[in-house]
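Residue numbers (our numbering), protein chains in the order written: chain U, 1 to 333; chain B, 1001 to 1333.
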């Protein structure tokens, strides 16, 4: 009901809508309308009441409210259930708990702030209030657990395409799960899986996008390796718009994968990759070596040609691009 | 302290040990000794007190108490931390929660009864009080998530070897996760994984072994497809002894895998397999077909040669052996 009132006001703005009309259309009392207006104002919506004319929506809060996200989404199922929180420890953790208690496929968990945002390999992700998009998606795909690592590549492609379109900046993908802008870290992606033999229970894809983290807010030792979209954005955009586009593209690619497999994603990934063709240093659990990143294979693994001509398949560990971009330390500990 | 008293009594039985000696050896008072004896009695241990002679251990409860398990284990880390419960919904669920809160590698969760024991693909597992071994193991292996499905094969090999040795019965493995005896279901294994890109957070390997489930206790529609070891056992054994041997072999194979990979496990698996060489019906998510199970490949996938000569690689779904053994319905719903 609250969302319906908001949508009517949004549609009519800057024209006023009378309380009587709202009450009539929605089949509630004028006092009922007034109560919902108060609750919208508490959420941060600016709504002016003019005597004899009615209510006018004059301002929308800069928050990732489900009502706002729903208004920009073009998806069929992704983000159609939203868990919104002002502050959480980690949206991945929240969503994993929701998954266990039966949350729907496509559920989105989004927060203004993460106090313990997570990156790969137990690293942290700096997620200050209102300065980025910190969110996670719950998916229950029909493909095998062995396919799951490729979802990180899909997420990267969706994020990069949305950022390029919404913000006019040339974000690039660093294998496997980072998105860079001007060689510095803009986005981190953490895909977590719960699976059994031959069956994925669920995937949680966590995405952190630095939208407008002020430079002086970033921990000093990491300041040179991180970047926000606002530092170089060429087009005006809101966080809600960007989130909506990421979800739109994510769903589009995901549906494609369920029908055709990951090959089209890999093709797109190659276009956006900043890793391929570059000298890289690979730090894997058992060895460290230099080489040239030549391609990704059908598993999403990075193929690295070493100086002796042999090609290594990299499925885990850290890959840094040489010469070092930024400090080489891409994640906030 | 309680465990130390128990071990001394166990060693000396049927000779008595005086309260004074116990107090002296352990550096506590005789009242302290008496209190621990009372607590052991409450746990189900039968301890007689003879005036002027002391305490004699005359009976051990038929329970899977950590004190008993610890006394038979030969492992370095597996089962060295034990979570014991009389009744749980599912040992896998308990252990997954413990994993999230930081439980140690190798932790064992064992229960006398599961009210919601789980099999593969959301099926149930009938787990009545004191009639079987219902337990789960927590592992944090260094190998890639892609390797995890093979752990189910390792578990099956360890269980079969332990059952054959302890009970003198010819248990066989049905791909991927069932152990059969006389064509009927004796053991179920459910491996669950939490992972991210290139890294396993943890594995939980759940194992249910029907030790002495009375035939008339089994739900009627499944009575012909299930079996207990006690129905055909050729050697006397206790549940604790069998559990200890399973853990001993599991750790031995696991350590071998971490050093050499899964090849030796696959060789052992082939020896115990009842699936290879048989006509099978494969019900996969997208199709159903008949064929001959010819081998497992390096991923642990079942290779099935269809009538037209082509070989399918089976990584998920149900495989039943033809002609049907039992009712063909192997799991309790």
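From the three backbone atoms N, C-alpha and C, an ideal C-beta is built for every residue, glycine too.
Can you list, in chain order, the residues of its chain with a C-beta nearer than 7 Å to that of residue i? Leave out the 5 residues immediately preceding and following it.
i                       : result
residue 333 of chain U  : Unreliable positioning characterises residue 333 of chain U in this predicted model, as indicated by a pLDDT of 26, which lies under 50. The coordinate reading is nonetheless provided below. 123 and 124, listed in sequence order.
residue 1072 of chain B : 1240, 1241 and 1244
residue 1014 of chain B : 1056
residue 82 of chain U   : 66, 69, 108 and 110
residue 79 of chain U   : 69, 73, 106, 108 and 247
Using the three-state DSSP reduction, which class does residue i fall into: helix, strand or coil?
i                       : result
residue 1305 of chain B : strand
residue 231 of chain U  : helix
residue 184 of chain U  : strand
residue 1223 of chain B : helix
residue 1028 of chain B : coil
residue 12 of chain U   : helix
residue 1144 of chain B : coil
residue 236 of chain U  : coil
residue 262 of chain U  : coil
residue 1244 of chain B : helix
residue 1155 of chain B : helix
residue 1 of chain U    : coil
residue 1316 of chain B : coil
residue 218 of chain U  : coil
residue 1213 of chain B : coil
residue 332 of chain U  : Note that residue 332 of chain U scores 32 on pLDDT, short of 50, meaning its location in the model is unreliable; the coordinates nonetheless yield the value given after this. The answer is strand: DSSP assigns residue 332 of chain U an E or B state.
Residues bridged to residue i by DSSP?
i                       : result
residue 1193 of chain B : U:195 and B:1203
residue 1134 of chain B : B:1111 and B:1208
residue 297 of chain U  : Per DSSP, none; premise fails for residue 297 of chain U.
residue 1172 of chain B : B:1180
residue 1127 of chain B : B:1114
residue 1311 of chain B : B:1305
residue 1322 of chain B : B:1279
residue 17 of chain U   : U:55
residue 1139 of chain B : B:1203
For my contact list, residue i and residue j are in at a C-beta cut-off of 8 Å; report their separation, rounded to the angstrom.
i                       : j                       : result
residue 1064 of chain B : residue 1084 of chain B : 6 Å
residue 1169 of chain B : residue 1232 of chain B : 5 Å
residue 195 of chain U  : residue 249 of chain U  : In fact, because the Cβ distance is near 25 Å, the residues do not count as touching under 8 Å.
residue 336 of chain U  : residue 90 of chain U   : Summary: the structure shown does not reach residue 336 of chain U, with chain U confined to residues 1 through 333, and so no result is reported for it.
residue 1009 of chain B : residue 1017 of chain B : 6 Å
residue 1321 of chain B : residue 1278 of chain B : 5 Å
residue 1291 of chain B : residue 1312 of chain B : 7 Å
Can you give me the Cβ contacts of residue i inside the same chain, cut-off strictly under 8 Å, excluding the 5 residues immediately before and after it?
i                       : result
residue 1164 of chain B : 1170 and 1171
residue 1316 of chain B : 1284 and 1285
residue 1042 of chain B : none
residue 212 of chain U  : 131, 132, 228, 229 and 230
residue 34 of chain U   : 19
residue 2 of chain U    : 36, 39, 40 and 67
residue 167 of chain U  : 229, 233, 234, 235, 237 and 242
residue 288 of chain U  : 281 and 282
residue 21 of chain U   : 54
residue 140 of chain U  : 105, 200, 201, 202 and 203
residue 1265 of chain B : 1150, 1153, 1154, 1157, 1253, 1256 and 1257
Suppose the cutoff is 6 Å on Cβ atoms and the five residues either side in sequence are ignored; what does the same chain contact list for residue i look like?
i                       : result
residue 327 of chain U  : Residue placement at residue 327 of chain U cannot be trusted, given a pLDDT of 41 that sits under 50; the coordinates are not used to answer.
residue 1331 of chain B : Unreliable positioning characterises residue 1331 of chain B in this predicted model, as indicated by a pLDDT of 35, which lies under 50. The coordinate reading is nonetheless provided below. Answer for residue 1331 of chain B: 1119 and 1123, listed in chain order.
residue 329 of chain U  : Residue placement at residue 329 of chain U is poorly supported in this model, since its pLDDT is 37, which falls under 50; the coordinates still yield a value, given next. 225.
residue 1300 of chain B : 1149, 1150 and 1153
residue 49 of chain U   : 55
residue 95 of chain U   : 109, 136, 138 and 204
residue 294 of chain U  : 303 and 305
residue 187 of chain U  : 159, 179 and 209
residue 273 of chain U  : 173
residue 129 of chain U  : 112 and 113
residue 1268 of chain B : 1157
residue 276 of chain U  : 293
residue 51 of chain U   : none
residue 1104 of chain B : 1081
residue 1193 of chain B : 1148 and 1203
residue 1198 of chain B : none
residue 1146 of chain B : none
residue 1262 of chain B : 1150
Check whether the Cβ of residue i sits closer than 7 Å to any heavy atom of the ligand ATP, and report yes or no.
i                       : result
residue 1320 of chain B : Summarising the ligand content, the structure contains no ligands, and the ligand ATP is consequently not present.
Task: Complete runs of the alpha helix (DSSP H) confined to the region 1038-1109 of chain B [at least 4 residues] - done: Fully enclosed alpha helix (DSSP H) runs of 4 or longer: 1066-1072 and 1091-1100.
Open item on the list: Could you tell me which whole beta strand (DSSP E) segments of length 3 or greater appear in the region 1267-1291 of chain B?
Closed with: Positions of the beta strand (DSSP E) runs, each at least 3 residues long and wholly inside the region 1267-1291 of chain B, are given as 1279-1283 in order along the chain.
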